[in-house]
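Scroll down for the structure; my scribbles are underneath it.
There are 2 protein chains.
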Amino acid sequence: MAKDFSSREDNYSQWYNDLVVRADLAENSAVRGCMVIKPYGYAIWENMRDALDKMFKATGHVNAYFPLFIPKSFFSREADHVEGFAKECAVVTHYRLKKDEQGTGIVVDEDARLEEELIVRPTSETIIWDTYKNWIQSYRDLPILCNQWANVVRWEMRTRLFLRTAEFLWQEGHTAHETKEEAIEESEKMIRVYADFAENFMAMPVMTGVKSPNERFAGALETYCIEAMMQDGKSLQSGTSHFLGQNFAKAFDVRFLSRENQLEYVWASSWGVSTRLMGALIMTHSDDNGLVIPPKLAPTQVVIVPIYKQTEQLAQISEVVNKIKSDLEAKGVTVKYDDRDTQKPGWKFNEYEFKGVPVRLAIGPRDIENGTVEVARRDTLTKEIVALNQVADMIPNLLNDIQQNLYDRAKQRMEANTREVNSWEEFKEEIEKGGFLVAHWDGTPETEQLIKDETKATIRFIPINSHFEDGKCIFSGKPSKQRVFFARAY
Amino acid sequence: MAKDFSSREDNYSQWYNDLVVRADLAENSAVRGCMVIKPYGYAIWENMRDALDKMFKATGHVNAYFPLFIPKSFFSREADHVEGFAKECAVVTHYRLKKDEQGTGIVVDEDARLEEELIVRPTSETIIWDTYKNWIQSYRDLPILCNQWANVVRWEMRTRLFLRTAEFLWQEGHTAHETKEEAIEESEKMIRVYADFAENFMAMPVMTGVKSPNERFAGALETYCIEAMMQDGKSLQSGTSHFLGQNFAKAFDVRFLSRENQLEYVWASSWGVSTRLMGALIMTHSDDNGLVIPPKLAPTQVVIVPIYKQTEQLAQISEVVNKIKSDLEAKGVTVKYDDRDTQKPGWKFNEYEFKGVPVRLAIGPRDIENGTVEVARRDTLTKEIVALNQVADMIPNLLNDIQQNLYDRAKQRMEANTREVNSWEEFKEEIEKGGFLVAHWDGTPETEQLIKDETKATIRFIPINSHFEDGKCIFSGKPSKQRVFFARAY
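Chains as they are written, first to last, in the numbering used here: chain V, 11 to 500; chain L, 11 to 500.
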């Protein structure tokens with residue numbers, strides 16, 4: 011299986027693409043930049059979605075659904091917002107096709123031109139704030155804590171499966187509040203929810219901070235983010251939460267009667283994560299043998315492969331396996347028993363290793379005699395022999411161990427790849443090795459841009475609640491109060 | 011609450027619209043024909059989706075995700091299909107906006123015209139069969155049993171919330187099979203799944219049959235459907251499942267190497283239900299006091315309202331309520347305790363009645379003294395006094411009773427509204443009263459069209475496995491072998 015599959019060292023980028031396609035996660039479609047998410051990939055995304063959805067609901071949010079299309083005029087209302095998205099909008103101009111009178115095909119019916127063009131949503135602030143206008147009269151109508159799971163379109167020129175696609179799936183939370191403090195608190199709460207999800211479900215350690223003005227969401231006053239370190243030393247922005255101030259309330263004239271009986275503009279936040287997280291998950295844990303999926307998100311946590319020559323042996327094995335399977339299922343473990351006779355055990359071993367199933371059990375006639383089973387773990391590629399009557403009890407712990415081990419490994423890598431640098435020479439040298447460079451910066455967008463032009467590195471985030479220290483900007487030599495985190499990024 | 015709200019008798023259509031908007035289910039958006047599904051409406055849809063999704067998975071299906079856009083040329087490949095959908099397609103022609111050089115707004119950038127226009131999917135057969143082409147080589151790759159949950163767009167001229175909107179949410183199953191028999195079996199299996207869901211979750215009795223050629227899905231050889239009878243005597247098509255033959259396989263050249271080592275075209279089915287089911291649910295059960303939601307789909311199954319004057323009374327009541335609440339939750343019942351002090355009990359009673367919460371408990375100081383609680387059911391609007399220590403045990407049964415009662419009521423209505431007619435005069439008279447008219451038809455599209463032109467009634471379905479009887483077409487007098495079901499429809 012892994013024979014004609016690139017290794018990380020040979021070609022990291024090719025390794026990623028091969029993995030996504032061959033592990034049946036996703037593939038490119040006939041539509042430029044749009045992917046097909048295949049059943050195995052979608053099953054992982056469903057697990058992510060369900061876990062996140064529970065966390066959103068536990069923090070008081072409800073789901074709703076807003077239109078796919080946004081009238082063009084809505085877009086112009088918030089100046090920064092339109093500036094940020096205008097260059098990558100898919101535009102609907104007509105609502106009918108007709109038979110080509112000259113030819114055999116179909117053509118756009120020019121009589122069916124829309125009076126106002128519709129934008130396929132790249133994000134929904136504008137259409138949602140137009141809706142909120144009718145929902146909000148007084149402080150009693152606040153807060154509004156809505157989320158939607160949806161598809162969005164951003165016409166990116168260079169696309170990569172999961173990491174950057176023209177259409178992607180995501181959730182976008184849009185909240186409305188009485189006060190500035192409450193809106194900031196919400197933005198901060200949600201970035202913590204994302205960090206919690208990344209670390210506890212994806213086993214992916216993240217750094218949390220705020221973006222520099224250059225990297226802020228179009229229309230936000232502050233953008234909080236989580237950043238994760240990939241195996242090639244590049245950072246991947248994995249989730250963002252924005253404090254939007256009153257920008258959208260002003261653009262859509264959304265005011266409320268306050269407790270003091272004053273008409274005031276509403277305060278806002280928005281926050282989102284997308285199928286990009288699939289890319290982050292894959293790149294954080296997988297290896298040259300294929301995918302590695304953390305148990306908490308694996309569609310199949312345990313696969314059981316029977317090893318037999320005669321049909322009677324299979325019957326005997328199946329009896330034992332069915333008992334183990336139902337014991338495990340009673341403990342909430344998802345188990346697949348692959349007793350197909352069309353594939354050999356070796357093929358199955360490769361297949362499930364490649365697809366990242368956390369635990370594999372193998373049972374043959376000898377095991378039945380000895381009352382044992384072979385337990386193999388995907389993360390370490392190690393095997394052990396376990397007594398049949400103990401296996402169901404040990405698996406939940408083993409899954410926890412694997413989850414923890416994956417997190418620890420990634421955490422170690424992130425830490426090993428994070429270092430302070432104190433001069434421009436050092437910066438230029440170290441950035442080639444990848445990782446986070448923690449350095450002083452003079453706080454100006456100009457310096458950030460010059461650093462980017464020369465090294466392709468950007469400020470991934472400015473730490474919050476970090477200790478301040480006086481220093482000099484590595485690039486300009488001007489004074490700085492705080493180190494920030496630079497990296498090359500996806 | 012219900013004061014300025016239309017009754018069914020006064021204006022059925024207005025009653026429906028009022029209900030949808032005032033019960034916070036959905037509302038029209040700024041985009042023509044596109045709705046906003048509000049949190050309460052979406053919570054019901056989520057319950058429907060989750061129940062259906064489980065049923066699909068239990069019958070061996072997996073979820074995947076295919077692109078929102080379909081290249082225009084794909085559309086022309088299957089002649090009937092394009093014929094059926096061309097007139098209602100939203101078309102993307104450009105991928106960029108820019109600042110208006112003459113004005114202050116933004117305009118479509120004419121330099122960013124797509125080489126080939128993209129259609130926003132009205133249904134996904136074409137893009138999916140283009141994908142399946144690469145997934146299928148041999149019979150070993152079959153069957154493929156994929157479903158997707160997605161938004162689709164059909165540019166309808168006259169729209170109504172949930173019943174007919176330009177954008178709607180749905181699921182679409184697309185399956186690929188070795189044999190004709192298997193594909194037919196799949197189409198029939200899925201219409202049974204839909205009927206099962208409608209009857210057992212929505213408490214909505216349905217009739218199952220096949221469509222006449224006039225009403226078939228564009229590109230199908232056979233369309234199976236479930237039809238439900240609304241309170242105004244109109245039929246509502248609630249789900250369809252299509253046997254597509256080899257039409258799409260031929261259009262996209264999808265062939266497989268058969269067990270006999272022959273290259274053969276693949277057989278297909280597709281099937282879907284949509285947010286239209288929300289309209290069906292609302293119209294099946296609701297009354298002049300507002301929504302009625304069957305317990306199995308209700309976001310809140312039981313609401314508890316405290317009745318008190320002093321704060322100490324509330325503390326005492328809350329203690330009792332919290333015990334009942336946790337007992338009920340342990341039994342899987344969803345409970346809301348509304349102890350807000352900003353609204354009076356009477357307001358809350360109206361609110362939850364209007365929103366269709368199946369059971370309401372009310373507890374005051376007198377109840378605490380007597381060890382009782384008032385239990386009110388939404389379906390019958392009746393109340394009874396129950397001992398506090400029995401209430402948690404009786405609620406699950408009560409919810410089942412309500413579910414059953416709603417089904418029985420709707421079933422009775424459907425039966426009372428179904429009658430045989432035997433002459434054209436009778437047909438014309440009876441169709442004005444609504445309901446299903448079971449009549450002989452000569453089997454020609456021409457007759458069906460003439461009947462529709464004169465009475466607005468269409469053949470809703472042709473029964474399957476029904477007994478055959480010789481008769482004469484009510485319209486043409488020509489011979490007929492079987493009665494079919496006519497009705498006016500949504």
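All C-beta atoms, glycine included, are put in the ideal place defined by N, C-alpha and C.
Taking 7 Å as the CB-CB cut-off, is Val41/V touching chain L? yes
Under a Cβ-count criterion, where at least 16 other Cβ atoms within 10 Å of its own Cβ denotes burial, should Val365/V be classed as buried or exposed? This sequence places Lys at residue 365/V; Val is not what is there. The residue is buried, with at least 16 neighbouring Cβ atoms inside 10 Å.
Does the stretch 57 to 74 of chain V come within contact of the stretch 198 to 205 of chain V, defined as at least 3 CB pairs closer than 8 Å? yes
Of the listed residues Thr189/V, Tyr417/V and Asp298/V, nearest to Ser23/V (C-alpha basis): Asp298/V
What residues from the stretch 237 to 268 of chain V come within 8 Å of chain L, judged by C-beta to C-beta, listed N to C? none
Ordered along the chain, which non-local residues of its own chain (more than five positions away) have a Cβ less than 7 Å from that of Glu126/V? Residues of the same chain with a CB within less than 7 Å of the CB of Glu126/V, apart from the 5 flanking positions on each side, are Pro81, Lys82 and Ser83 in chain order.
Opening and closing residue of the beta strand (DSSP E) in which Pro316/V lies: Val312 to Pro316
Are the C-beta atoms of Asn161/V and some chain L residue less than 7 Å apart? yes
Runs of beta strand (DSSP E) wholly within the stretch 221 to 245 of chain L (minimum 3 residues, chain order): Secondary structure remark: continuous beta strand (DSSP E) runs of at least 3 residues inside the stretch 221 to 245 of chain L, in chain order: 232 to 239.
Measuring alpha carbon to alpha carbon, tell me which of Ile461/L, Leu273/L, Phe211/L and Phe495/L ends up nearest Ser476/L. Phe495/L
With 16 other Cβ atoms within 10 Å as the buried cut-off, status of Leu273/L: exposed
Length of the line joining the Cα atoms of Met11/V and Glu177/V: Unreliable positioning characterises Met11/V in this predicted model, as indicated by a pLDDT of 45, which lies under 50. The coordinate reading is nonetheless provided below. Each residue's Cα considered, the two are about 30 Å apart.
What is the C-beta distance between Ala100/V and Val102/L, in whole angstroms, given that I count them as a contact (C-beta under 8 Å)? Rounded, the Cβ-Cβ distance is 5 Å, consistent with contact.
Quick one: grab the DSSP three-state call for Gln323/V. helix
Shorter than 7 Å from the beta carbon of Pro305/L to some beta carbon of chain V? no
State yes or no: is the beta carbon of Met11/V nearer than 7 Å to at least one beta carbon in chain L? Legend: pLDDT at Met11/V = 45, less than 50; position of this residue unreliable, no value from coordinates given.
Going by other Cβ atoms of all chains shown within 10 Å of its Cβ, with 16 needed for buried, is Asn21/V buried or exposed? exposed
What number of angstroms, rounded off, separates the C-alpha of Phe266/V from the C-alpha of Trp145/V? Approximately 10 Å between the Cα atoms of the pair.
Nearest to Gly113/V by alpha carbon, out of Glu120/L, Tyr105/L, Ser86/L and Lys97/L? Ser86/L
Members of the stretch 418 to 446 of chain V near chain L, C-beta cut-off 7 Å: In summary, no residue of the stretch 418 to 446 of chain V has a CB separated from any CB of chain L by less than 7 Å.
Might you give, ordered along the chain, the residues of its own chain that have their beta carbon closer than 7 Å to the beta carbon of Tyr318/L, omitting 5 neighbours on each side? Leu324, Ile327, Gly374 and Pro375
In whole angstroms, what separates the C-alpha of Gln147/V from that of Ile154/V? 12 Å
Let's see if you can read the secondary structure: which residues bound the beta strand (DSSP E) around Pro81/V? Phe79 to Pro81
Does the distance from the CB of Ser248/L to the CB of Ala290/L come in under 7 Å? yes
Could you check if Asp377/V is buried or exposed, using at least 16 other CB atoms within 10 Å of its CB as the buried criterion? buried
Taking the DSSP output, what are the residues bridged to Cys156/V? Answer is Val72/V and His184/V.
In terms of residues, what are the limits of the beta strand (DSSP E) holding Ile469/L? Thr468 to Pro473
Between Asn224/L and Gln413/L, which are expected to be in contact by the criterion C-beta below 8 Å, what is the C-beta distance as a whole number of angstroms? Between Gln413/L and Asn224/L the Cβ distance is about 36 Å, and since that is not below 8 Å, they are no contact.
Reduced DSSP category for Met217/L - H, G, I as helix; E, B as strand; rest coil: Note: Met217/L maps to strand in three-state DSSP.
So, for Met217/V: in the same chain, excluding its five sequence neighbours on each side, which residues have a beta-carbon less than 6 Å away from its beta-carbon? The residues are Glu237.
Listed by chain order, chain V residues near Ile54/L by CB distance under 8 Å: For Ile54/L, no chain V residue has a C-beta closer than 8 Å to its own C-beta; the minimum C-beta separation is roughly 11 Å.
State the DSSP-derived secondary structure class of Asn427/L, mapped to helix, strand or coil. Looking at Asn427/L - three-state DSSP - the assignment turns out to be coil, as it is neither helix nor strand.
Measuring CA to CA, which of Val162/V, Phe79/V, Arg168/V and Glu135/V is closest to Gly43/V? Arg168/V
Three or more C-beta pairs below 8 Å linking the stretch 46 to 65 of chain V and the stretch 136 to 144 of chain V: Under the three-pair Cβ rule at 8 Å, the stretch 46 to 65 of chain V does not count as touching the stretch 136 to 144 of chain V.
Cross-strand partners of Ile395/V (DSSP beta bridge): Paired residues: Glu384/V.
Are the C-beta atoms of Val101/V and some chain L residue less than 7 Å apart? yes
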